[in-house]
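Presented below is the structure to which this report refers.
Number of protein chains: 2
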Amino acid sequence: MALGKDYEQQDCSLARTLELVGERWTLLIVRDAFYGVRRYSDFLGHLDIPRAVLSGRLQTLVEAGVLDRRRYQESPPRDEYVLTERGIDLWPILRAMSRWGEQHVQNGVACRIYRHEGCGGAVDPHGVCAVCGAPVAPADTEVAPGPGANLLRRDDPVTRAMRRPHRLLEPLLP
Amino acid sequence: MALGKDYEQQDCSLARTLELVGERWTLLIVRDAFYGVRRYSDFLGHLDIPRAVLSGRLQTLVEAGVLDRRRYQESPPRDEYVLTERGIDLWPILRAMSRWGEQHVQNGVACRIYRHEGCGGAVDPHGVCAVCGAPVAPADTEVAPGPGANLLRRDDPVTRAMRRPHRLLEPLLP
DNA sequence: CCGGGTCGGTTCATTCATCGAACCAATAGG
DNA sequence: CCTATTGGTTCGATGAATGAACCGACCCGG
Numbered sequence: 274m275a276l277g278k279d280y281e282q283q284d285c286s287l288a289r290t291l292e293l294v295g296e297r298w299t300l301l302i303v304r305d306a307f308y309g310v311r312r313y314s315d316f317l318g319h320l321d322i323p324r325a326v327l328s329g330r331l332q333t334l335v336e337a338g339v340l341d342r343r344r345y346q347e348s349p350p351r352d353e354y355v356l357t358e359r360g361i362d363l364w365p366i367l368r369a370m371s372r373w374g375e376q377h378v379q380n381g382v383a384c385r386i387y388r389h390e391g392c393g394g395a396v397d398p399h400g401v402c403a404v405c406g407a408p409v410a411p412a413d414t415e416v417a418p419g420p421g422a423n424l425l426r427r428d429d430p431v432t433r434a435m436r437r438p439h440r441l442l443e444p445l446l447p
Numbered sequence: 274m275a276l277g278k279d280y281e282q283q284d285c286s287l288a289r290t291l292e293l294v295g296e297r298w299t300l301l302i303v304r305d306a307f308y309g310v311r312r313y314s315d316f317l318g319h320l321d322i323p324r325a326v327l328s329g330r331l332q333t334l335v336e337a338g339v340l341d342r343r344r345y346q347e348s349p350p351r352d353e354y355v356l357t358e359r360g361i362d363l364w365p366i367l368r369a370m371s372r373w374g375e376q377h378v379q380n381g382v383a384c385r386i387y388r389h390e391g392c393g394g395a396v397d398p399h400g401v402c403a404v405c406g407a408p409v410a411p412a413d414t415e416v417a418p419g420p421g422a423n424l425l426r427r428d429d430p431v432t433r434a435m436r437r438p439h440r441l442l443e444p445l446l447p
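Going line by line, the protein sequences match chains A and B.
The first sequence maps to residues 274 to 447 in the numbering used here.
The second sequence maps to residues 274 to 447 in the numbering used here.
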């Protein structure tokens with residue numbers, strides 16, 4: 274995008290957040306991380322993002338403490354990018370944005386629905402379970418395709434895996 | 274930013290929202306509109322944004338139905354930009370982002386606080402009043418500088434007006 | 001040990017967006 | 001007539017995004 278710059282020191286907190294996650298692609302990368310995407314090649318294949326941009330964004334997010342980069346096998350050495358607690362706290366932002374798009378761009382048709390794992394209740398936009406009334410953490414949330422899902426639009430491993438219900442933050446691919 | 278492009282047709286609603294409000298500066302413009310900024314020159318003076326970018330963004334937001342451009346005097350002809358209902362629905366996104374920055378960049382120190390006009394209770398991140406428990410619409414919310422406010426950083430009409438408590442959406446300047 | 005393939009990058013030339021200063025038109029006020 | 005204000009547009013310079021090519025480390029099969 275877009276920022277990373279000073280962004281005028283005004284509305285402290287909003288501007289500070291935008292400097293970190295306001296750049297083009299960044300929030301889509303974070304969203305994929307919630308879906309359980311962890312590897313460079315999977316982000317790449319799912320987002321159609323230039324490699325240089327992906328590398329840069331991942332590095333920025335790691336430096337900001339939103340993602341943790343960790344080695345998951347030694348030979349050949351392979352790292353994966355996993356959301357930290359700080360990254361998981363971005364969930365309300367993603368939910369608020371999805372909801373707005375759903376209401377105002379897609380005429381109220383959801384392309385993904387979120388359920389409270391176990392209890393099975395729908396999770397409302399504030400993250401509260403409609404059945405048991407408890408706030409639902411991302412880790413206890415199940416995503417599934419909704420009525421507006423366009424299942425044919427893309428065909429990559431991540432898209433295919435997302436056709437089945439899946440718990441947030443769990444690794445999506447082997 | 275950043276977008277405006279196709280943005281891969283994947284996560285329908287999030288990507289659609291980002292295409293509209295994900296570009297650099299856009300969300301800061303919308304935030305200012307919530308604060309009651311309505312005129313071109315006030316946005317300009319407060320944000321330190323290039324004029325061409327401001328013109329472009331305002332036009333995009335009007336076309337998207339987020340802002341309404343309306344004539345408020347005939348001679349000389351002057352227009353103001355006011356949030357529509359669709360624009361007001363962006364408030365949860367701004368609140369979620371401010372909150373994240375407050376918690377994770379500013380160590381929990383708020384630079385602005387929000388109160389339920391009338392009842393006076395603090396408004397929590399979900400938009401619920403801590404005193405009366407009711408959901409608080411932006412129009413019933415009062416903004417005031419918080420403990421982390423840096424009142425000296427800038428000096429323009431908007432910044433000066435924001436030093437006093439003010440109701441959201443009400444015109445900030447004469 | 002050689003050849004081919006995969007993964008996770010970097011490099012680089014082109015294109016596009018942002019920046020900031022200058023310019024401009026309409027109008028008001030003196 | 002002269003000057004100031006508002007709300008823009010235009011334009012050259014800079015910086016970021018794009019996409020294709022390249023690369024090094026390592027695995028596997030033969």
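Note that the Cβ used here is the ideal one computed from N, Cα and C, for glycine as well.
Is there a Cβ of chain B sitting closer than 8 angstroms to that of A/Leu363, yes or no? Counted from its first residue, the first sequence places residue 363 of chain A at position 90. Yes, its Cβ sits closer than 8 angstroms to a Cβ of chain B.
Identify which residue in B/Gly329, B/Gly309, B/Ala369, B/Gly338 has its Cα closest to the Cα of A/Leu287. Locating residue 287 of chain A in the first sequence gives position 14, counting from the first residue. Among B/Gly329, B/Gly309, B/Ala369, B/Gly338, the Cα nearest to that of A/Leu287 belongs to B/Ala369.
Just to confirm, are A/Pro430 and A/Leu446 a CB contact at a threshold of 8 angstroms? Counting from 1 along the first sequence, the entry for residue 430 of chain A is found at position 157. Counting from 1 along the first sequence, the entry for residue 446 of chain A is found at position 173. In this structure, A/Leu446 lies closer than 8 angstroms to A/Pro430 by Cβ.
I want to see whether chain B comes within less than 8 angstroms of A/Gln283, judged by CB atoms only; does it? Here residue 283 of chain A refers to the residue found at position 10 of the first sequence. It does: the Cβ of A/Gln283 has a partner Cβ on chain B nearer than 8 angstroms.
Contact set for B/Glu353: own chain, Cβ-Cβ below 7 angstroms, skip 5 residues either direction: Indexing the second sequence from 1 puts residue 353 of chain B at position 80. Closer than 7 angstroms at Cβ, skipping near neighbours: Arg311, Arg312, Arg343, Tyr345.
Using only the alpha-carbon positions, how far apart do A/Arg297 and B/Glu358 sit? To locate residue 297 of chain A, count along the first sequence from 1; it is residue 24. To locate residue 358 of chain B, count along the second sequence from 1; it is residue 85. So the alpha carbons of these two residues sit roughly 26 angstroms apart.
Straight-line Cα distance separating B/Ile302 from B/Asp321: What you label residue 321 of chain B is simply residue 48 of the second sequence in a count that begins at 1. What you label residue 302 of chain B is simply residue 29 of the second sequence in a count that begins at 1. One C-alpha to the other measures close to 11 angstroms.
Which runs of the alpha helix (DSSP H) fall wholly inside the stretch 347 to 395 of chain A and span at least 4 residues, in chain order? 358 to 361, 364 to 377
When DSSP labels each residue in this structure, what does A/His319 get in the three-state scheme? As a first step, residue 319 of chain A is located in the first sequence; it is residue number 46 there, counting from the start. If DSSP states are grouped into helix, strand and coil, A/His319 belongs with the helices.
For chain B, check one thing: does any of its Cβ atoms lie closer than 8 angstroms to the Cβ of A/Cys384? Indexing the first sequence from 1 puts residue 384 of chain A at position 111. Yes, A/Cys384 counts as interfacial toward chain B.
Should A/Ala470 be labelled buried (16 or more other beta-carbon atoms within 10 Å of its own) or exposed? Coverage of chain A is limited to positions 274 through 447, which leaves residue 470 of chain A absent and any answer about it impossible.
Near-chain B residues of the stretch 335 to 368 of chain A - C-beta to any C-beta below 7 angstroms: Arg359, Asp362, Leu363, Pro365, Ile366, Leu367
Would a check of beta-carbon distances place A/Met274 closer than 8 angstroms to chain B? As a first step, residue 274 of chain A is located in the first sequence; it is residue number 1 there, counting from the start. The pLDDT assigned to A/Met274 is 47, lower than 50, so where the model puts this residue is not dependable; a value taken from the coordinates is nonetheless given after this. By this cut-off, A/Met274 is an interface position.
Is there a C-beta anywhere in chain B that falls below 8 angstroms from the one on A/Thr333? Translated into the one-based positions of the first sequence, residue 333 of chain A becomes position 60. At a cut-off of 8 angstroms between beta-carbon atoms, A/Thr333 makes no contact with chain B.
With C-beta atoms as the reference, is A/His439 less than 8 angstroms away from A/Gly338? Taking the first residue of the first sequence as 1, we reach residue 439 of chain A at position 166. Taking the first residue of the first sequence as 1, we reach residue 338 of chain A at position 65. In this structure, A/Gly338 does not lie closer than 8 angstroms to A/His439 by Cβ.
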